[in-house]
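Here the sequence shown stands for residues 2 to 96, numbered as in this note's numbering. Beta carbons: idealized from backbone N, C-alpha and C, even for Gly. Before any comments, here is the structure.
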Amino acid sequence: MRFLILVWVLLAVSGAGAAWIAMRPGKRRGAWLGIALAVVLLAAFAASFILFGSSVDKSFVAVASYFFNWGMAAGGGAICIGAIVGLALALAFKR
């Protein structure tokens, strides 16, 4: 379990580093768009847990949300959080 936590943290840190490096001071609007997209993905992740977490029906939406939930829990959430942190820090400190 510790190994999985370490991998998750490494994904978050690498996402933050990549977002920091990719952010150009002249492209601030693009950085805000990246933050907005990452927040929307995290909100969809949370909403799918709330809405479909206890459903046992075998509909297409339930199966798709199952794969989306595990994909986001395994690494997508870490990358989104890292991108948000990295872009926010780059917006604050890169001029």
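Just verifying my parser: in three-state terms, what is the DSSP assignment at residue 60? coil
Going by DSSP, what residue range makes up the alpha helix (DSSP H) through residue 87? 78 to 94
If you pair each beta-carbon of the segment 5 to 19 with each one of the segment 71 to 79, do three or more pairs fall below 8 Å? yes
Within the same chain, show all residues whose beta-carbon is closer than 6 Å to that of residue 20, passing over the 5 residues directly before and after it, in chain order. 84, 87, 88
What does the alpha-carbon distance come out to for the pair residue 95 and residue 25? 8 Å
Taking the C-alpha atoms as reference points, what is the distance between residue 92 and residue 68? 33 Å
Return the first residue and the last residue of the alpha helix (DSSP H) that residue 16 is part of. 3 to 23
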